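Novice: Structure below; questions to follow.
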Amino acid sequence: MTGRRRRGFTLIEVLASLAVAVLLIVPIARMITGTAGAFAGLERSTERRVGMQAAMAAAMTLSPLRTGRRVIGGFTVIVEPYRFERGTALARAGWQLYSVTVRSTDGSDDDAMQTVRLGKRQ
Numbered sequence: 224m225t226g227r228r229r230r231g232f233t234l235i236e237v238l239a240s241l242a243v244a245v246l247l248i249v250p251i252a253r254m255i256t257g258t259a260g261a262f263a264g265l266e267r268s269t270e271r272r273v274g275m276q277a278a279m280a281a282a283m284t285l286s287p288l289r290t291g292r293r294v295i296g297g298f299t300v301i302v303e304p305y306r307f308e309r310g311t312a313l314a315r316a317g318w319q320l321y322s323v324t325v326r327s328t329d330g331s332d333d334d335a336m337q338t339v340r341l342g343k344r345q
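See the structure below:
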């Protein structure tokens with residue numbers, strides 16, 4: 224072989240190195256995409272959890288529990304009597320179960336939280 228042919232890369236060597244590079248880049252790109260998607264999901268979950276904690280804090284500020292609708296911060300709290308099969312026995316003891324629903328006041332109809340609380344009978 225001449226000295227001229229030994230210098231540089233052949234076309235086959237360049238194509239082979241490109242194929243190897245593509246085989247390595249594709250899985251790495253998939254891992255990066257998967258990690259970014261998981262991080263975005265974690266962020267959304269954290270935002271929902273913070274909203275839920277704020278809604279629970281708004282619901283816990285009601286003392287004593289009274290039937291009605293109140294606006295507390297950015298939430299509307301709706302308190303209604305909760306009916307169940309042993310409600311009369313509970314009422315005789317002077318207690319009442321209340322359904323407490325907390326909704327965002329931004330206009331969305333989605334319930335942020337709904338729970339049942341025990342309170343003195345009115």
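Straight run, no breaks: the sequence shown in my numbering ends on number 345.
For glycine and all other residues, C-beta sits at the position ideal for the given N, C-alpha and C.
What you are looking at is a predicted structure, and each value in this text was computed from that prediction instead of being measured.
#1: DSSP state of LEU288, grouped into three classes?
#2: With distances taken from CA atoms, which of PRO250, GLY274, TYR321 and SER327 is nearest GLY342?
#3: Is the region 302-316 in contact with the region 259-274, if contact means three or more CB pairs nearer than 8 angstroms?
#4: To the nearest angstrom, how far is the alpha carbon of VAL325 from that of GLY291?
#5: For MET275, tell me which candidate among ARG344, GLN345, VAL323 and ALA335 has the shortest Cα-Cα distance.
#6: Beta-carbon within less than 7 angstroms of LEU288's beta-carbon, same chain only, minus the 5 sequence neighbours each way: which residues are those?
#7: By a C-beta neighbour count over all protein chains shown, 10 Å radius and 16 as the cutoff for buried, is ALA252 buried or exposed?
#8: Per DSSP, what kind of secondary structure is THR328 in: helix, strand or coil?
#9: Smallest Cα separation from MET279: which of ALA261, THR299 and GLU266?
#10: Where do the N-terminal and C-terminal ends of the beta strand (DSSP E) with THR299 fall, by residue?
#11: Could you give the DSSP three-state label for ARG309: helix, strand or coil?
Specialist: According to the structure shown:
#1: Of the three classes helix, strand and coil, the one that applies to LEU288 here is coil, per DSSP.
#2: Residue TYR321 is the option with its Cα nearest to GLY342.
#3: Because the criterion of three Cβ pairs below 8 angstroms is not met, the region 302-316 and the region 259-274 do not touch.
#4: So the alpha carbons of these two residues sit roughly 12 angstroms apart.
#5: Scanning ARG344, GLN345, VAL323 and ALA335 for the CA closest to the CA of MET275 turns up ALA335.
#6: The residues are VAL302, TYR321, ARG340 and GLY342.
#7: Per the 10 Å Cβ criterion, exposed.
#8: If DSSP states are grouped into helix, strand and coil, THR328 belongs with coil.
#9: Of the candidates ALA261, THR299 and GLU266, the one whose C-alpha sits nearest the C-alpha of MET279 is THR299.
#10: It spans 298-304 - the beta strand (DSSP E) in which THR299 sits, taken as one unbroken run.
#11: Note: ARG309 maps to coil in three-state DSSP.
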